[in-house]
Amino acid sequence: MKAASCLCFLVRCRPALLRRWVRCACSGPTDADRLTRLVASMPKEPTAAKELRAQRVKAKGAPKPRPSEITLCVLGNGGPGNPRSLYVITDQARYMFNCGEGTQRLAHEHKMKLSKLENIFFTHNAWGNLGGLPGLALTVQDIGVPELRLHGPTDVEQLFDMTRGFMVTDRLTIAKRNPSDGPFSDHCMEVQYVPLFPQVTSEKVCKKGKCDVDGASVVAYICKPHSKPGQLHLGKCVDLGVPPGPLLGELKNGRDVTLPNGTLVKSSDVVSPDEPGPVFIVVEVPSEEYLDSLLENAAFAGHQAAAAREQDAARVVVHFSPPSVMERPAYLDWITRFPASTVHLALNEYAGTLSSAAVHRAQHRLHLLSSSIFPLLHVEEPSGVPKDLRDANVQAAETLTKFRLRPNLGLQKDAVVTLDPAAYVQEAWASPGFSERLQELKAASATKSQDSVAGSSYPEIVFLGTASAIPGKDRNVSAVLVNLREDLCILLDCGEGTLNQLVRFYGLPRVNKVLATLGCILVSHLHADHHLGLIALLRARQSALEAPRPAPREPVPVAAPRFQSVPWTLPGADRSLRACLPASSRSWTNASLLVGPAVSGGRALRPDPQAQAQGPEQRAGEALQVCIRVHADNRGRLEADLLWGHNAL
């Protein structure tokens, strides 16, 4: 039983050790037994993470004070190639609204600690909001977070069932809260769910005036932090003769006390009134079909200009709605129902592409070594908010835009991501020995003959990501683009955020052309960091083929080893992305269409029946090896053969 458990661990998490185990098993039982005992003794999680998890579980039931600081921070601005995500920071906990691809990379770069994150709210069950969740879940599990609660639309939690074949989250409890569970409340704030329904299906989901709120695919949130307790004025206590000691604590907690001389001191006389919690709203209207539900929902009325109390009016509204919806007159009408003092932040394509300074800093320094190998990355300026929306106090939210709710400091943009190329270059020149090494490099490059660099610029290899397991601020996870010729390229691996990297490297005008010429995607193995970017990339490819005019959508082949058949079903959609992967290098057949139009054109190579008949022990842990052989045909044009095979264990 122990050997089977070790083998399962190796198959899922340590394929390299699995190959060694098989080789040892072939060479002799002694070596195999020794390696089995070694693997069994290996810690399955870091000691620090285990201790942190135990501390968090122990402290979960302990009373906590109400937060004295509350800040809304834009983590992903939703611009082209960027995730959209809002991070709520308090001195007691963290909350996240939506988690697009690349969110954890931005959190790492901008030092947004994830160790206090336990609640993620989703406004719509679309991949743009969910794409970063699998990778982020693995990260918070590794740092000791014991539980992750998912809030909002239907079927969001099923993402973990779909990724079970290549993601191990057995140390992280996944819980789901539905709108029917009532408002969510903890020691920091209370969150009211507001389900929104499309007009075309409202009659189907609502019967006899009662809606199936748990079936909603769009949910807005009205968030009200708990009031901050008033401050105890020690000067007034001294004037009233209150002695130092426990009586001061009683007064601060709102209880009247009687002094030894019989004098009654009321708490209201020495404690300032509680500071009411500032309201903020998070909303997404994915299409015009949901506008009527937004306009007619009475839950927002109590926080608009007609609010009974000024303190109930929303201080800020965060919009994840696309520009096409926000520019509709009906949506503008809903915005104008709020007081003129309400700030509206738009996390969508109004923002620019700049979200990370680290990658540009590294590229500017490397650019000094070779401008051809390390070209400068592209930055697209924000498209800007239309005038009628600007007049309604709507503005595009850039990464690290902050709104301080407590203390009430309002909108702050002093930390917004900006670039300083001159400073990056100066840092490089200030490095010890840099100028000498640079001169040596240029001298060595100048000695090369012109013949060695003449000719075609193809094939060209673009390293989009080289990091292992998790992305870093300077490197993304695995993805390598190979441009075989001007009208053909292939992609080797497609980790989370690959599309974001393409946008940075090529810029918006060129990235659609690159996606349209994508001829094949090859995934080396089914660890999450090698293929979680597939869905976003395939959807972007579909859009590229449809602009500026619809073109024939030739499915792109997706080839990978058979680790196990992994179904990908987008929540809320009726289309599936199914990776029916080959079991043997000798079983490649013509591909079939496996991705519907709602996702993108795509196909995967299927194994023949004989290969399917192989046992799981013969298929587990296989890795795809790809060899690209580039040659010239009789007319001098570059062609390429893709030779692939499986690494037998």
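Numbering-wise, the numbering used here puts 105 at position 99 of the sequence shown, and it's gapless, one number per residue.
Quick reminder that beta carbons are idealized off the backbone N, C-alpha and C, glycines included.
- The region 260-279 makes no contact with the region 303-318; the number of CB pairs closer than 8 Å stays below 3.
- When only Cα atoms are considered, G255 and L265 end up about 14 Å apart.
- Judged by DSSP secondary structure, M168 falls within the alpha helix (DSSP H) whose first and last residues are Q164 to M168.
- Scanning A181, S474, E290 and H537 for the CA closest to the CA of G138 turns up H537.
- Nearest to F203 by C-alpha distance, out of D167, V385, G236 and E302, is E302.
- Beta-bridge partners of I180 (DSSP): L154.
- In this chain, the beta strand (DSSP E) harbouring L528 covers L524 to L528.
- In this structure I467 is exposed. Its beta-carbon is surrounded by fewer than 16 other beta-carbon atoms within 10 angstroms.
- Nearest Cα to E163 within the set E502, Q147, F127 and R491: F127.
- In the structure shown, F127 falls within a strand segment according to DSSP collapsed to helix, strand and coil.
- Scanning the region 81-120 for uninterrupted alpha helix (DSSP H) segments of 4 residues or longer gives 109-115, listed from N- to C-terminal end.
- Distance from the CA atom of V349 to the CA atom of Y227, rounded to whole angstroms, is 16 Å.
- Residue environment analysis places N518 among the buried positions, since at least 16 neighbouring C-beta atoms fall within 10 angstroms of its C-beta.
- Taking C-alpha positions only, F440 is separated from K448 by approximately 12 Å.
- Nearest neighbour of V488 by Cα position, chosen from L470, A307, R545 and A450, turns out to be L470.
- Between H130 and the set T160, L154 and K119, the nearest pair of CA atoms involves T160.
- Considering only A222, P284 and V324, the residue with the shortest C-alpha distance to L415 is P284.
- Taking a cut-off of 8 Å for Cβ pairs, the region 323-337 and the region 357-364 do not touch, as fewer than three such pairs fall below it.
- Shortest Cα-Cα distance from D480 to any of S74, D39 and Q369 involves Q369.
- N354 sits close to G84, with the two beta carbons spaced by under 8 Å.
- Under the 8 Å Cβ criterion, the region 256-275 does not count as touching the region 284-299, having fewer than three qualifying pairs.
- The beta carbon of V288 sits closer than 6 Å to those of F103, Y227 and V324, all from its chain and outside the five residues before and after it, given in chain order.
- Counting other Cβ atoms within 10 Å of its Cβ, P567 reaches 16 or more and is therefore classed as buried.
- Collapsing the DSSP output to three states places E302 in a helix.
- When C-beta atoms of the region 384-392 are compared with those of the region 431-445, fewer than three pairs fall below 8 Å, so the two segments do not count as touching.
- Under the three-state reduction of DSSP, Q507 is assigned to helix.
- Per DSSP, L498 is one residue of the beta strand (DSSP E) stretching across L494 to L498.
- For the pair T169 and P140, the CB atoms are nearer than the 8 Å cut-off.
- Of the candidates L142, G106, V94 and Q61, the residue whose Cα lies closest to the Cα of V322 is V94.
- Sorting L144, H114 and S273 by C-alpha distance to the C-alpha of V248 places S273 at the top.
- Here DSSP, grouped into helix, strand and coil, assigns E294 to helix.
- In the structure shown, T264 falls within a strand segment according to DSSP collapsed to helix, strand and coil.
- DSSP places L360 in no beta strand (DSSP E); its state is neither H nor E.
- Looking at the backbone, the Cα of N135 and that of C243 are separated by about 52 Å.
- C-alpha of L240 to C-alpha of V263: approximately 15 Å in a straight line.
- In the three-state scheme derived from DSSP, where H, G and I count as helix and E and B as strand, L240 is classed as helix.
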